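Numbering (full-length UniProt numbering), first residue to last: 1 to 41.
Right, one structure below, let's go through it.
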Amino acid sequence: MNEEAIYELRKTIYERLVDSVSKNVIFILKTISSFLKDLIQ
């Protein structure tokens, strides 16, 4: 493996990680907001 291939691999893993984390954050925020709405009503 040359350095460029390792760099590309790291970049791909990092992008997938960021993508899944951001999706999870959005899901958690939606869950919290619906929970708060239930509390308020």
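Cβ atoms here follow ideal geometry from the backbone N, Cα and C, with glycine treated the same way.
As the structure is a computational prediction, the values presented were derived from the model and not from experiment.
Nearest-angstrom Cα separation, counted from serine 22 out to leucine 36
About 21 Å.
Straight-line CA distance for glutamate 4 to arginine 10?
Each residue's CA atom was taken as its position, placing glutamate 4 and arginine 10 some 10 Å apart.
Can you tell me the Cα-Cα spacing of asparagine 2 and glutamate 8, whole angstroms?
The C-alpha of asparagine 2 lies about 10 Å from the C-alpha of glutamate 8.
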